[in-house]
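Asker: 1 is the number of the first residue of the sequence shown in UniProt numbering; add one for each residue after it. In this text, a Cβ means the ideal position worked out from N, Cα and C, and glycines have one as well.
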Amino acid sequence: MKVAEILKDRTSWFRDCRCLDILSVIPAGSAGKIELIYMQTYAPTTLAAARDFWTLRYTTTLEDGSLVICERSLTTATGGPTGPSASCFVRAEMLPSGYLIRPCEGGGSIIHIVDHVDLDVWSVPEVLRPLYESSKILAQKMTMAALRHIRQIAQETSGEVQHGGCRQPAVLRTFSQRLCRGFNDAVNGFVDDGWSLLAGDGVDDVTISINSNPSKFLGSQSNLSMFPTFGGGVLCAKASMLLQNVPPALLVRFLREHRSEWADYGVDTYSAACLRASPYAIPYTRPGGFPSSQVILPLAHTVEHEEFLEVVRLEGHAFSPEDLALARDMYLLQLCSGIDENAVGVCAQLVFAPIDESFADDAPLLPSGFCVIPLDPKTHMPAATRTLDLASTLEVGAGGVRPASEADTHGYSLRSVLTIAFQFTFESHTRDNVAAMARQYLRSVVGSVQRVAMAISPSRISSSMGQRSLPGSPEAMTLARWICRSYRVHTGGELFHVDSQAGDALLKQLWHHSDAIMCCSLKSNASPVFTFANQAGLDMLETTLVALQDIMLDKVLNEAGRKILCSEFSKIMQQVRFLLFGATSD
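#1: Given a cut-off of 8 Å, decide if L95 and T82 are closer than it, judged by their beta-carbon atoms.
#2: Pick helix, strand or coil for Y42, following the three-state DSSP scheme.
#3: State the CB to CB distance for the pair I420 and F352, rounded to an integer number of angstroms; the pair is presumed to be in contact (CB under 8 Å).
#4: What's the call for G493, buried or exposed, on a 16-neighbour Cβ count within 10 Å?
#5: If you count every other CB in all the chains shown that lies within 10 Å of the CB of P84, and 16 or more means buried, which is it?
#6: Determine the closest residue to I153 out of L67, M39, F89, L7, with distance taken between C-alpha atoms.
#7: If we ignore side chains and look at the alpha-carbon of each, how far apart do L197 and N188 end up?
#8: For G537, report the span of its alpha helix (DSSP H) as first-last.
#9: Can you find the residues in the same chain that come closer than 8 Å, C-beta to C-beta, to S514, ignoring five residues on each side of it along the sequence?
#10: With which residues is D118 paired in a DSSP beta bridge?
#11: Considering Cα atoms alone, identify which of Q177, G194, G108, I113 is closest to S158.
#12: Which stretch, first to last residue, makes up the beta strand (DSSP E) that contains M437?
#13: Just how far apart, CA to CA, sit K136 and M241?
#14: Would you identify the three-state DSSP class for I339, choosing helix, strand or coil?
#15: Identify whether C484 lies in helix, strand or coil by the three-state DSSP scheme.
#16: Keeping to the same chain, check which residues put their C-beta closer than 7 Å to that of L119; ignore five residues upstream and five downstream.
#17: Check whether the Cβ atoms of I26 and I34 lie closer than 8 Å to each other.
#18: Find the nearest neighbour of D340 within the set P248, A300, F530, judged by alpha-carbon distance.
#19: Where does S260 fall in DSSP's three states?
#20: For S176, does the count of other Cβ atoms within 10 angstroms reach 16, so buried, or fall short, so exposed?
#21: Between the Cα of S212 and the Cα atoms of G266, A273, C236, which residue gives the shortest distance?
#22: On the criterion of 16 or more Cβ atoms from any shown chain inside 10 Å, does P298 qualify as buried, or is it exposed?
#23: Which residue's Cα is closest to the Cα of H116: C104, E126, K141, R102?
#24: Considering just the uninterrupted stretch of the beta strand (DSSP E) at P169, what are its terminal residues?
#25: My output table needs one value for P103: the three-state DSSP class, helix, strand or coil.
#26: Would you decide whether D192 is buried or exposed? Buried here means 16 or more other CB atoms lie within 10 Å of its CB.
#27: Ignore the nearest five residues each way along the sequence and tell me which others in R102's own chain have a CB closer than 7 Å to its CB.
#28: Return yes when the Cβ of A436 is within less than 8 Å of the Cβ of residue 589, no when it is not.
#29: Which of the three DSSP states, helix, strand or coil, is assigned to W13?
#30: Can you list, in chain order, the residues of its chain whose CB lies under 7 Å from that of L442, leaving out five sequence neighbours each side?
#31: So the alpha helix (DSSP H) V267 belongs to, where does it begin and stop?
#32: Could you tell me the distance, in whole angstroms, from the CA atom of A391 to the CA atom of H258?
#33: Ordered along the chain, which non-local residues of its own chain (more than five positions away) have a Cβ less than 7 Å from that of S405?
#34: Might you give, ordered along the chain, the residues of its own chain that have their beta carbon closer than 8 Å to the beta carbon of L255, omitting 5 neighbours on each side?
#35: If you compare alpha carbons, which of Q509, R178, Y42, T61 is closest to G29?
#36: Could you check which residue in N558, R481, I517, A516 has the C-alpha nearest to that of A505?
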């Protein structure tokens with residue numbers, strides 16, 4: 001019976017289930033019952049409406065002790081009432097579906113699941129119809145999700161799953177559910193939750209909606225102290241876009257591991273400031289700004305590692321006087337799922353929300369993030385996969401892939417829909433300014449994601465094989481902007497006379513500059529390590545980008561030079577301005 005109750009509670013394991021209300025219960029024979037149910041499900045993207053269902057569910061016990069749960073929609077064809085229609089929802093039909101739970105000797109059960117739905121595919125744009133007619137997506141979202149949830153609870157109950165820290169597994173699962181629900185609420189923006197659209201700026205690529213009553217959709221599950229008490233609410237900027245030939249798992253994994261490629265530190269700071277009594281001023285996005293480094297601290301993961309919950313610490317910094325207010329660590333609670341490239345029909349998702357150091361069980365969560373859903377089934381994946389580290393993407397001629405002769409000759413065609421949503425708090429007098437910031441920021445994120453998608457697309461990899469050109473990868477262009485901004489901050493001058501937004505031109509000038517340009521990183525109690533050098537720098541060191549990190553500074557300098565470097569390096573880093581006139585080598 002416990003397994004049956006878990007399966008019936010769809011909101012606990014079916015992440016697309018917004019609500020499930022049992023409107024009536026009628027007793028039946030064999031200790032069974034018939035239930036009248038109304039269920040609402042979220043839309044997976046901003047480009048289509050959500051679905052709802054009116055169903056009858058019959059539960060009974062068979063002679064052999066097996067438990068049967070059958071469910072089907074009430075329609076005019078079945079002779080039952082169809083139920084009233086709801087605004088913002090399209091009526092979908094559940095065809096005969098259900099569960100057969102057969103007990104095993106010695107404990108345990110064998111579970112048979114049938115999921116069969118008609119989501120009214122003709123009511124959505126043609127390009128999105130695979131989302132609503134794919135059996136693979138349905139299997140991953142419902143069938144497999146139910147089985148994994150039961151297995152997870154069973155192993156937690158038996159003590160097979162151990163979690164670090166002092167939190168119980170049920171609490172961690174609640175955090176995951178709240179992150180997903182908060183993100184889905186933001187994407188859908190239901191009117192009955194208090195959301196309303198804000199007038200746009202004439203361009204329809206970004207949708208802005210506001211909610212002046214956040215307690216209505218957040219409910220009593222969390223502390224609402226993060227929201228202004230004297231007027232204001234929550235603002236959401238969201239957009240959906242079609243991606244071509246980009247594996248969802250690879251894209252989300254890149255976004256997770258390379259946050260600095262798309263996130264703005266000032267916007268992160270503003271989001272985190274809502275947890276404090278004195279929030280910062282509304283930031284302006286600075287695509288050339290220094291990013292924060294991140295440290296990922298794992299909290300929990302599911303049995304099959306298809307989903308994991310983690311805390312991300314964004315380390316504060318201050319490279320210039322105007323950044324001093326931002327020099328504090330921030331924390332995000334983050335949920336990542338679907339990054340197994342071998343799984344079929346899996347939605348890849350990265351959702352996060354700012355938290356404070358206390359991280360209480362009722363911590364307020366305002367989730368933002370990305371969701372990528374494949375539209376077409378996978379074909380043959382090229383055997384070569386792109387390396388995401390900086391050295392391989394900058395290596396001239398290498399491109400981070402194997403030679404064309406070793407690559408898979410099969411084509412690769414995959415479409416997916418990407419949905420992005422970011423939420424911010426606002427005060428009544430700052431609403432328009434926050435909306436402008438959010439719109440600008442989301443467009444910046446979309447541009448960054450498009451560059452990343454182009455860089456990791458297998459079709460782009462195939463077309464670049466054998467070419468002797470410098471790949472315009474997002475990491476490389478970001479590094480070029482960092483170097484130029486560092487030079488400008490510390491010297492007051494410009495390294496190159498080129499528009500800082502023209503990433504390709506900036507990267508080419510950096511790479512082909514006649515002077516040797518090198519970057520190194522220094523960690524405490526560790527020798528400085530080269531992380532980048534342009535072509536002139538590589539020629540001077542007589543090495544390549546791949547082998548660059550193997551060259552330690554203590555191997556380049558003699559004993560006297562190493563002592564001088566170690567004693568002076570920290571002093572140099574503390575200076576507001578300094579000039580590096582040149583470099584010599586013996």
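Answerer: Working from what's here:
#1: no
#2: coil
#3: About 12 Å; that fails the 8 Å criterion.
#4: exposed
#5: exposed
#6: L7
#7: 11 Å
#8: 535 to 541
#9: A536
#10: E93
#11: G108
#12: It is not in any beta strand (DSSP E) - M437 instead sits in the alpha helix (DSSP H) that spans 431 to 456.
#13: 21 Å
#14: coil
#15: helix
#16: R51, A92, Y132
#17: yes
#18: P248
#19: helix
#20: buried
#21: C236
#22: exposed
#23: K141
#24: Segment 169 to 188 is the alpha helix (DSSP H) holding P169; no beta strand (DSSP E) there.
#25: strand
#26: exposed
#27: S66, S109, I110
#28: Since the first residue shown for the chain is 1 and the last is 586, residue 589 is missing from the structure and cannot be characterised.
#29: coil
#30: V206, A237, A239, I420, F422
#31: 265 to 273
#32: For A391, the predicted model reports a pLDDT of 37, less than 50, meaning its position is unreliable and no value from the coordinates is stated.
#33: Confidence is the limiting factor: at S405 the pLDDT is only 37, short of 50, which leaves the residue's position unreliable, though a coordinate-based value still follows. Cβ within range, chain order: n/a, list empty.
#34: E261, W262, L350, F370, V449, V452
#35: T61
#36: R481
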